[in-house]
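Have a look at the structure below, then the notes.
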DNA sequence: ATTTAGCACTCTATTACTCCGAGTGCTAAC
DNA sequence: GTTAGCACTCGGAGTAATAGAGTGCTAAAT
């Protein structure tokens, strides 16, 4: 949108050579982290023009807002606007090598079968291959549906409540009754009541009112079952919290772009899971790159987020992405993320998708 | 032990005044992080002696190996040996204020009922109150016993295997059978076989041979059940891994003692959970302080670990502790850790202990 | 009209140097 | 055994000089 605005100012066609220069500046800057001077660029452009010409072009690019100088006698540094253009138009994605694919496949394969594990494993693997911090969210919890609820006795006076969702997740919680001993028929009754009331319902639709009215429906037993009902409610709350997996925070410290303070600020921000999920879930479907200044968060100022959605049964499900300094290696990282999203979608469909269709519960 | 060795060298009695001076140096150094000079100490010792006298004493302490100078004309910095002595003999623990206790109690109370949650909550709370990184290990997984195993159908061709331990932990894993549909009787049979074979056994005793022989005992069904058996085995492996909760890593970055590199090294070390558990579990029972150089790990050189065990039914169970720079506020941190350990022991006994006794499974 | 060479100019990072002050160790007096 | 006094050491702050990278502009070349 900022982009469109600029377009309106007349730089729709940036000129073949300007584009090449800008792309070269961005790439060099990404590689070295240092301002790029005109002489350096002569070589990159195959010595077809002199440094003076490049200087002129760069001066114009600077005037247009794509480049800026840290100080008078330094090279040029790309502005966020330049990154934006580079990512949207100029960049050539580097497709993955076969080794890369194989390695990623191998890493993901370790978690085959367990969706929750898959998500955390993917996050870890992504952090490792990219060298940035990776973040992955599980399917937005509130829309997940209850598939079944089980109540198992654990000791004479306590029971485990087990919640199964249609996304293949299992969660449990132990509750203790106020009596010395609770008989099996009560647990059975409880189990039946829970299933009758909540099977097929989205977790987000199960609130305190619903749970309470269910408790009331148990009549004389409702009081005795109160601890179990509370536990069930907490279980639903827990499960509907969007699960989020964050890995490779250390990679941030490794990056020279982050000094101690900035690294700390960013890491502090990353520990606030709600904020992170907020940003990720509010992003439009498809690959999306958020450059520091674009997100409103000051903590993310020197950083970029690249993320996309993976799918389940063709529908967008959770997000997977990375967070790193502004000068990330977008050309390599983006294809990796896309590959991860595809691979995860495929694996998830294998694990869950089929069941979903064949099931008639 | 190093201590004993030094004692043999003749400084058993360090002299009242030397002790006071050393303690003061350590405490000042802990507070400021800067070398301590003789003039500063005059005030601390109530102006009873002159700086020259203190200089003499300090020279002797330096000769004994308790103090050293970063350079000729700087104050003195305590050596690890001095910290050792300070912690073992000189320090006055600062007991917790009532507010502190209340706050800690409140934080732990949030997790009442769920042992796993209690552990992670305690870790978080400890990190927060001390301002260092906190680490907590759950009961050593291998000695935990299987209490019960449940097999629940999840879809026509997949099932969840649920493992309950006597430490109150519930873990589950989903497995998929190679057929389109598996009938309930098979699942029941599987459940019975698993329970017969493994109930009451320690997780550490359940290895591949045991699991395989159990599979064989299922005769004609063993092939069909293979995925479930594999899943069960993995479940046992997972569950017997010592769970470890690490919090407040960011606090390390906040500490001026750690520059970017050292912080990174330490944090990298902390992510290697096996190493961390290794150190924690190998520590003798009771409160223990490991000063940087004492652990053989070079990554821990500038850091200290303070840890103790919490108990379950009177027996040492897991560990809880903190990791921070050498110049931690031991006098305050140690009582806090001890309080956490006591509080956790109590809560765990309430949750689990009673069940263990009354159960007759 | 564009491109290029040449040059003056600007600004930073580096190095060398000086100086200040904190703190010591030693000696001699108390 | 303690203290005052003093010479000495050494790191850190501040300053000045220097080198170098890179620019912008002008005038010539294509």
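Residue numbers (the numbering used here), protein chains in the order written: chain A, 1 to 361; chain B, 362 to 722.
The beta carbon of each residue, even a glycine, is placed where N, CA and C say it ideally should be.
| Asked | Found |
| --- | --- |
| Buried versus exposed, by CB contacts within 10 Å (16 or more), residue 130(A) | buried |
| Sequence-distant residues of the same chain with beta carbon closer than 7 Å to residue 394(B), five excluded per side | 617, 618, 688 |
| Inside the region 620-666 of chain B only - alpha helix (DSSP H) runs reaching at least 4 residues | 621-632, 634-642 |
| Residue 439(B) burial status per 10 Å Cβ neighbour count (16 or more: buried) | buried |
| Per-residue burial, residue 419(B) [other beta carbons within 10 Å of its own, 16 or more giving buried] | buried |
| Close beta carbons around residue 189(A), own chain, < 6 Å, minus the five adjacent residues each side | none |
| Inter-residue Cα distance where the pair is residue 269(A) and residue 291(A) | 16 Å |
| Residue nearest to residue 71(A) in terms of C-alpha spacing, selected from 100(A), 103(A), 92(A), 37(A) | 37(A) |
| DSSP bridge partner residues for residue 225(A) (one or two, in chain order) | Answer is none; residue 225(A) lacks a bridge partner. |
| Cβ-Cβ distance between residue 244(A) and residue 264(A) below 7 Å | no |
| Residues of the region 630-653 of chain B with Cβ closer than 8 Å to any Cβ of chain A, in chain order | 632 |
| Test: residue 660(B) CB closer than 7 Å to a CB of chain A | no |
| Inter-stretch contact (C-beta, 8 Å, three-pair minimum) for the region 377-384 of chain B and the region 412-426 of chain B | yes |
| Delimiting residues of the alpha helix (DSSP H) encompassing residue 696(B) | 691-709 |
| Status (buried if at least 16 other CB within 10 Å, exposed otherwise) for residue 285(A) | exposed |
| Beta carbon proximity, residue 362(B) to chain A, threshold 7 Å | With a pLDDT of 41 at residue 362(B), under the threshold of 50, the predicted position of this residue should be treated as unreliable, and no value is reported. |
| Endpoints, the alpha helix (DSSP H) within which residue 44(A) is located | 38-44 |
| Neighbour list for residue 42(A) in chain B, Cβ cutoff strictly below 7 Å | Residues of chain B passing the Cβ test: none, with the nearest at roughly 35 Å. |
| Outcome for residue 48(A) when other beta-carbon atoms lying within 10 angstroms are tallied against a minimum of 16 | exposed |
| Assigned exposure category for residue 181(A) - 16 Cβ within 10 Å defines buried | exposed |
| Cβ of residue 434(B) within 7 Å of any chain A Cβ | no |
| Coil, strand or helix - residue 579(B) by DSSP | coil |
| Cβ separation of residue 530(B) and residue 477(B), assumed to be a contact under 8 Å, to the nearest whole Å | 6 Å |
| CB of residue 137(A) within 7 Å of CB of residue 239(A), strictly | no |
| Cut-off 7 Å between Cβ atoms - residues of its own chain near residue 663(B), not counting five sequence neighbours on either side | 618, 623, 653, 686, 687 |
| Cα-Cα separation, residue 450(B) to residue 684(B) | 21 Å |
| Proximity test, Cβ basis, 7 Å: residue 10(A) and chain B | At residue 10(A) the pLDDT is 42, less than 50, meaning the model places this residue with poor confidence; the figure from the coordinates comes in the next sentence. False, the Cβ-Cβ gap to chain B never drops below 7 Å. |
| DSSP-derived helix/strand/coil call for residue 420(B) | helix |
| Chain A contacts from the region 492-523 of chain B (Cβ-Cβ distance under 7 Å) | 511, 513, 515, 516, 517, 519, 521, 523 |
| Where residue 175(A) falls: helix, strand or coil (DSSP) | strand |
| Three CB pairs or more closer than 8 Å across the region 525-539 of chain B and the region 584-596 of chain B | yes |
| Chain A contacts made by the region 522-536 of chain B, where a contact means CB separation under 8 Å | 523, 525, 529, 531, 533, 534, 535, 536 |
| Contact set for residue 706(B): own chain, Cβ-Cβ below 6 Å, skip 5 residues either direction | 671, 672 |
| One or two residues paired with residue 251(A) in a DSSP bridge | According to DSSP, which records beta bridges pairwise, residue 251(A) is partnered with nothing at all. |
| Min CB distance residue 614(B) to chain A below 7 Å | yes |
| With 16 other Cβ atoms within 10 Å as the buried cut-off, status of residue 141(A) | buried |
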